[in-house]
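Here the structure comes first, spelled out in structure tokens, and everything after it is commentary.
2 protein chains.
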Amino acid sequence: MVIAESIPTLLQQARTGTHICRIKCVMTSSASLMQTPAQNFCRQCGQTVETRVPPGDSLPRQCCNHCGTIHYENPKMVLGTLAVWEDKVLLCRRAIEPRYGLWTLPAGFMENSETTAEAAQRETDEEAGAQIEMLDLYTLISVPHISQIHGFYRARLLSPDFNPGEETLEARLFAEAEIPWEELAFRTVRQTLQHYFADRKTGHYPFRSFDIIGPPPK
Amino acid sequence: MVIAESIPTLLQQARTGTHICRIKCVMTSSASLMQTPAQNFCRQCGQTVETRVPPGDSLPRQCCNHCGTIHYENPKMVLGTLAVWEDKVLLCRRAIEPRYGLWTLPAGFMENSETTAEAAQRETDEEAGAQIEMLDLYTLISVPHISQIHGFYRARLLSPDFNPGEETLEARLFAEAEIPWEELAFRTVRQTLQHYFADRKTGHYPFRSFDIIGPPPK
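Line by line, the protein sequences give chains A and B. With the first letter of the first sequence counted as 1, position 215 gets the number 215 in my numbering; the numbers rise by one all the way through. Going from the second sequence to my numbering is simple: count from 1 and add 1000.
Below, the structure is given as structure tokens:
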């Protein structure tokens, strides 16, 4: 799971300023965390772009005055699983930044040409080397300050044996009492786990859609 | 709602070919429908990019050999509402391509810095000028051949008066027997409506997540 929680977006900046801003877009730091490099040049023709509200639009976009291309930026989906073996949940310890060394449910950016379930299953295989049977989508969480939506499927592990990939230091099963709550990488993971353990008492796992607004307290 | 249903993606092309392809990326037609213009040049430094699998990755990406930027492409979310007044559903007749003149639930691309519910409500306002009370997320539909995920919330109309925006020829309420099934713009709209009218018989509207695989028959 690649994620960033502290980078102001161009749109946020634009909404708090004038609606028509002709400054050149500069988004430098931590681009790799966002998967969104700075948009200085037109991807179609290579000329510089400027930020303005196109005709008929209401938000500033990065526009090419040479070929007319408008470059839209949209939120990204992160999909993963809450995979269970007996009474235990699979967590992965991150071998990459951000949150190196902290624990997460296996998850990552959805790729083009996938379904949400395929993305969740692929990420579980890539990060944990875990074989699973997919169950229902369980949580869908908007995280607007980083322009992401995180979705977690419940899943059944077909084996307690894992083969972690390069992004994972360790893949391990945790009983509820063993969950490293203070060492979880992301709030979407924490809240999904909290809902899961509460729902498990009833045996009923309703789909849950909610938001996490703003960066975490420091 | 902007959408395209027939454009093969770079990833699809790459998956059926070699994993390391050094051809220059050329995606021309209908870029505006996809909101995804051709990626010929690096958005960060303006140099040409090449398509190859970066180290540690498993899929081809558009890579800049000059500044090292890797340009990821990810699916886009389309959010909308199924908004109801008494026993009638709000539909909008499209004033834009694709599917000009056909009927849709109000929906469109989620913007950065929004929640999914905010996106659905904004699109309903922009396309229909409809004032609504948002209810639960009802359908979430992967459409992998166009790398989109469509989500529809149920909503309650606060008034039967509309003020359609530029993308809408007409906003109108339809009873079940009046739905123009043969003139609906998108299969995600059709299937959401079908589920809704079936569920309405029971008064119970469970969340539904499913996929629509492949383009529609011609």
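We treat Cβ as the ideally placed atom computed from N, Cα and C, and that holds for glycine.
Express the C-alpha separation of A/S113 and B/D1211 in angstroms, rounding to a whole number. 12 Å
Helix, strand or coil at B/D1211 according to DSSP, with G and I counted as helix: strand
Integer Cβ distance of B/C1092 from B/C1067, believed to fall under 8 Å: Contact doesn't hold; Cβ gap of about 43 Å is too wide.
Note the first and the last residue of the continuous alpha helix (DSSP H) segment covering B/Q1121. T1116 to A1128
Since I believe B/A1095 is in contact with B/E1050 (beta carbons under 8 Å), could you give me their beta-carbon distance rounded to a whole number of angstroms? No, B/E1050 and B/A1095 are not in contact; Cβ-Cβ is about 40 Å, not under 8 Å.
Any idea if B/K1024 is buried or exposed, counting beta-carbon neighbours within 10 angstroms, 16 or more meaning buried? Note on B/K1024: pLDDT 24, under 50, position unreliable in the model; no value is reported.
Excluding the five sequence neighbours on either side, which residues of its own chain have a C-beta within less than 8 Å of the C-beta of B/Q1044, listed in chain order? C1064, C1067 and T1069
Cβ-based neighbour list, A/A120, same chain, cut-off 8 Å, excluding 5 preceding and 5 following: L79, G80, T81, A107, M134, G151, F152, Y153 and A155
Quick one: using the 10 Å Cβ neighbour count with 16 as the cut-off for buried, is A/A177 buried or exposed? exposed
Once you ignore the five residues that flank B/T1142 on each side, which residues in its own chain have a CB closer than 7 Å to its CB? Residue identity check: residue 1142 of chain B is Ser in the sequence provided, not Thr. Counting only Cβ-Cβ distances below 7 Å, and skipping sequence neighbours, we find I1149 and D1211.
Got a sec? Which residues, its chain only, sit under 6 Å from A/H71 by beta carbon, not counting five neighbours each side? Q39 and Q62
Residues that B/G1046 contacts on chain A, provided the C-beta gap is smaller than 9 Å: Those are N40, F41, C42, G46, Q47 and T48, listed as they occur along chain A.
Going by beta carbon distance, what residues of the same chain come within less than 6 Å of B/A1171, once the five residues before and after it are set aside? C1092, A1128, F1162 and P1164
Helix, strand or coil at A/L193 [DSSP, three-state]: helix
Would you say B/L1184 and B/W1103 are within 7 Å of each other, going by their C-beta atoms? yes
Could you give the DSSP three-state label for A/A171: helix, strand or coil? A/A171: strand per DSSP, three-state reduction.
Quick check: is the beta carbon of B/G1068 nearer than 7 Å to any beta carbon in chain A? no
Could you name the residues of the same chain whose beta carbon sits closer than 7 Å to that of B/S1209, not counting the 5 residues immediately before and after it, in chain order? The residues are L1140.
Per-residue contacts from A/A56 into chain B (C-beta, under 8 Å): Position check: residue 56 of chain A holds Gly in this sequence, whereas Ala was assumed. Within 8 Å Cβ-Cβ: E1166.
Can A/V89 and A/F174 be called in contact, C-beta distance under 7 Å? yes
Does any residue of chain B have a CB that is nearer than 7 Å to the CB of A/L79? no
Closest to B/I1146 by C-alpha separation, out of B/P1055, B/N1074 and B/D1057, would be which residue? By alpha-carbon distance to B/I1146, the top candidate from B/P1055, B/N1074 and B/D1057 is B/N1074.
With 16 other CB atoms within 10 Å as the buried threshold, where does A/L157 fall? buried
What did DSSP end up calling A/I179 once you bin it into helix, strand or coil? DSSP places A/I179 in coil when its eight states are reduced to three.
Under 9 Å Cβ-Cβ, which residues of chain B neighbour A/P180? Going along chain B, no residue has its Cβ under 9 Å from A/P180, so there is no contact; the nearest lies around 26 Å.
Quick check: is the beta carbon of A/D199 nearer than 7 Å to any beta carbon in chain B? no
Contacts around A/E123, its chain only, beta-carbon distance under 8 Å, and the 5 residues preceding and following it disregarded: M1, L79, G80, T81, P106, A107 and G108
For the segment 1104 to 1126 of chain B, which residues have a CB atom closer than 9 Å to at least one CB atom of chain A, in sequence order? F1109, M1110, E1111, N1112, S1113, E1114, T1115, T1116, A1117, E1118, A1119 and E1126
With 7 Å as the threshold, decide whether the Cβ of A/N65 is near any Cβ in chain B. no
Classify A/I96 as helix, strand or coil using the three-state DSSP reduction. coil
Output the distance between the C-alpha atoms of A/G203 and A/I179, rounded to the nearest integer angstrom. 20 Å
For chain B, find out if any of its Cβ atoms is closer than 7 Å to the Cβ of A/F152; answer yes or no. no
Tell me whether the beta-carbon of A/F207 lies closer than 7 Å to the beta-carbon of B/F1207. yes
Quick one: is A/S142 near chain B, going by C-beta distance under 7 Å? yes
Quick one: using the 10 Å Cβ neighbour count with 16 as the cut-off for buried, is A/Y100 buried or exposed? exposed
Taking the beta strand (DSSP E) that B/E1133 belongs to, which residues open and close that run? Note, B/E1133: beta strand (DSSP E), I1132 to V1143.
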